[in-house]
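K.L.:
Residue numbers (this note's numbering): 328 to 415.
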C-alpha cells in the first residue's frame, strides 16, 4: 500500500498513468465516476473497482451512467458489465 493520498483531480492529471486502485478511497472513486466527463477512462476504472468494494453503490451509479447522454460507449459498457456481474 502506498502512502499517497489520491484525489480525483490528481488521478486525472497523471492519466494515462494510474494509481494502484486499491489505494484510492471510495469517496474518490465515486467522485471520478460522477465527474466522468473530465476523464472517462478514469471513471471506467473507478466503476469497476467500486463494484468490488461497494456493489450497491456501484450498481446505482452504473444505472445512472447508462442513462447519461454524454457518457461514452466504453464507460456505458463498463457500467453494463458491473450490473451484469452484480446480478450473478
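Glycine residues also receive a C-beta, built at the ideal position from the N, C-alpha and C atoms.
Of the residues 385, 394, 368, which one's Cα is nearest the Cα of residue 344?
P.N.:
Within the chain shown, numbered from 1, the residue matching residue 344 stands at position 17. Comparing Cα positions, the closest option is 368.
K.L.:
Mind checking which residues open and close the alpha helix (DSSP H) that includes residue 354?
P.N.:
For the purposes of this step, residue 354 is identified with residue 27 of the chain shown, where counting begins at 1. 353 to 361 is the extent of the alpha helix (DSSP H) around residue 354.
K.L.:
Please identify the residue among 394, 354, 415, 391 whose C-alpha is closest to the C-alpha of residue 292.
P.N.:
There is no way to answer for residue 292, as the model of the chain reaches only from 328 to 415.
K.L.:
Does DSSP put residue 409 in a helix, a strand or coil?
P.N.:
Along the chain shown, one-based indexing puts residue 409 at 82. If DSSP states are grouped into helix, strand and coil, residue 409 belongs with the helices.
K.L.:
Near residue 384, what residues of its chain come up, given a Cβ to Cβ distance below 8 Å and the 5 sequence neighbours on each side ignored?
P.N.:
Against the chain shown, residue 384 aligns to sequence position 57. Contacts found: 353, 357, 377.
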